[in-house]
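Data first, discussion second: the structure below is written as structure tokens.
Residue numbers (my numbering), protein chains in the order written: chain X, 11 to 233; chain W, 2 to 244.
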């Protein structure tokens, strides 16, 4: 039997993917929000004067970067609850996995951006009597944040796509929802094509928004 | 105002300062000159503890800054600093650069700080640049903003670290004019500089630092007309053969 492309399936599939899309968005925003906080803390720890604090953050980054996310996901969802004797919901597990994973990469982004700001800025801040923390907050971070935007956008896009891996722990996200639809209608070509389109529209939106933000911040200093 | 006793500073094995003794009185303008790498900027940076002295004592306005109990942030508001590379905050307007210290450190209300900030910008001849960003200014204008930023905290002394060394030659004059005005108003100033003309005209005392120690110290007329130290003589002859 020859394959016949059915465009109408795409139209039918789209609303059925809605539920999965909501899950994907929840996990991506929750995970990246938490991941950014985690990455900011770990990134600043990597700049600490204390050897032990630097080492702590460095170990976290090494472990996460050096193991596959699929392994992290299965370990966190199946392994850890077994050891601790508690169950976590797939949603919470999904958010945690994305947060821990993206946090490690974001830590490097934060460290690099903060380090790239000229030391003269810290000295100027301190010379007018600001504390180290105030100088970080008012002087260094606003400048560093601008430099973080392009690599952060990259990481946001990677993590959003990575949420699809969470189907292995039974999270009803976008790809798994697509898989369930295929199990019923056997239209793998149309359904996965549609799933891909939905991911693409989300990643393009992220890229667009961050580009706008970058431009906005750039024009503000040369008004 | 400033008393420095037996100040030593090493970076690892490199001994930069090998026992500096210096006293600066209120209202005095002291210029520090010397070849590059002589440690003259390091002396300045030890005064507000941007560099941690290795040993010795530095007392600023009665506060021993080498004492760990001293609140260094408070002392720094009394000793403003102007940098060679300006170090303005590029993400803030000129006025915000000037008012940040008063608002965040001195807790001055914003309206009051801005009024004061505009006065200071007028004083350095930049009243019309308040809402510009540093990127839009020339080097000389940037340095004048930096001076206004230092003045905004009403410091008792201002430390100038080669304030004109990064400027195009035609922009040096406007910065020196502002500094002369401050000197005439009685501001206590310690100036690390290569501008011999400024040192001659404005300084109460000129200090020659080389190899980590003060080699010569005199009133400007005596310093330039009758240098005693052979190193200073050599240095001056090299400087003036170019001018």
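By construction, the Cβ of each residue, glycine as well, lies at the ideal position given by its N, Cα and C atoms.
Assigned secondary structure, residue i (DSSP; H/G/I helix, E/B strand, else coil)
i	result
residue 173 of chain X	helix
residue 189 of chain W	strand
residue 125 of chain W	coil
residue 199 of chain X	helix
residue 106 of chain W	coil
residue 13 of chain W	coil
residue 229 of chain W	coil
residue 158 of chain W	strand
residue 184 of chain X	helix
residue 70 of chain W	coil
residue 194 of chain W	coil
residue 223 of chain X	helix
residue 131 of chain W	coil
residue 147 of chain W	helix
residue 93 of chain W	coil
residue 2 of chain W	coil
residue 112 of chain W	helix
residue 80 of chain W	strand
residue 8 of chain W	strand
residue 169 of chain W	coil
Closer than 8 Å at the beta carbon, the chain W residues around residue i
i	result
residue 59 of chain X	Within chain W, no residue comes near residue 59 of chain X; the closest Cβ sits about 12 Å away, beyond 8 Å.
Residue i versus residue j - alpha carbon distance
i	j	result
residue 40 of chain X	residue 87 of chain X	17 Å
residue 126 of chain W	residue 149 of chain W	10 Å
residue 175 of chain W	residue 161 of chain X	42 Å
residue 76 of chain W	residue 101 of chain X	52 Å
residue 27 of chain X	residue 122 of chain X	38 Å
residue 217 of chain X	residue 159 of chain X	10 Å
residue 141 of chain W	residue 156 of chain W	22 Å
residue 215 of chain W	residue 2 of chain W	19 Å
residue 233 of chain X	residue 53 of chain W	Per-residue confidence for residue 233 of chain X stands at a pLDDT of 49, beneath the threshold of 50, marking its modelled position as unreliable; the derived number appears in the next sentence. Those two C-alpha atoms are separated by around 39 Å.
residue 210 of chain W	residue 154 of chain X	38 Å
residue 192 of chain X	residue 91 of chain W	55 Å
residue 110 of chain X	residue 16 of chain W	46 Å
residue 118 of chain W	residue 189 of chain W	20 Å
residue 23 of chain X	residue 195 of chain X	10 Å
residue 232 of chain W	residue 116 of chain W	49 Å
residue 176 of chain X	residue 183 of chain X	8 Å
residue 46 of chain W	residue 136 of chain X	12 Å
residue 226 of chain W	residue 63 of chain X	57 Å
residue 207 of chain W	residue 113 of chain X	55 Å
residue 34 of chain X	residue 162 of chain W	55 Å
residue 138 of chain W	residue 148 of chain X	22 Å
residue 118 of chain X	residue 151 of chain X	15 Å
residue 64 of chain W	residue 230 of chain X	41 Å
residue 184 of chain W	residue 12 of chain W	33 Å
Interface flag, residue i vs chain W, CB-CB below 7 Å
i	result
residue 141 of chain X	yes
residue 224 of chain X	no
residue 160 of chain X	no
residue 14 of chain X	no
residue 78 of chain X	no
residue 125 of chain X	no
residue 165 of chain X	no
residue 153 of chain X	yes
Residues that residue i contacts on chain X, provided the C-beta gap is smaller than 9 Å
i	result
residue 84 of chain W	130, 133, 134, 137
Contacts of residue i in chain X (Cβ-Cβ under 7 Å)
i	result
residue 106 of chain W	138, 139, 140
residue 111 of chain W	Under the 7 Å cutoff, chain X gives no residues; its nearest Cβ is about 14 Å from residue 111 of chain W.
residue 150 of chain W	138
CB contact below 7 Å: residue i versus chain X
i	result
residue 51 of chain W	yes
residue 90 of chain W	yes
residue 227 of chain W	no
residue 78 of chain W	yes
residue 155 of chain W	no
residue 64 of chain W	no
residue 9 of chain W	no
Chain-ordered neighbours of residue i on chain W, where CB pairs are closer than 9 Å
i	result
residue 148 of chain X	90, 93, 101, 105
Within chain X, the residues that residue i reaches when beta carbons sit closer than 8 Å
i	result
residue 75 of chain W	139
Proximal chain W residues relative to residue i, where beta-carbon distance stays under 7 Å
i	result
residue 144 of chain X	105
Could you give the uninterrupted runs of the alpha helix (DSSP H) lying entirely in the segment 197–225 of chain W, keeping only those of 4 residues or more? 197–203
Uninterrupted beta strand (DSSP E) stretches inside the segment 39–72 of chain X (no shorter than 3 residues): none
Give, in chain order, every unbroken run of the beta strand (DSSP E) that is at least 3 residues long and sits entirely within the segment 16–66 of chain W. 30–34, 56–61
What are the uninterrupted segments assigned as alpha helix (DSSP H) that are 4 or more residues long and contained completely in the segment 79–151 of chain X, given in chain order? List check, alpha helix (DSSP H) in window: 79–84, 90–94, 100–126, 129–137, 142–145.
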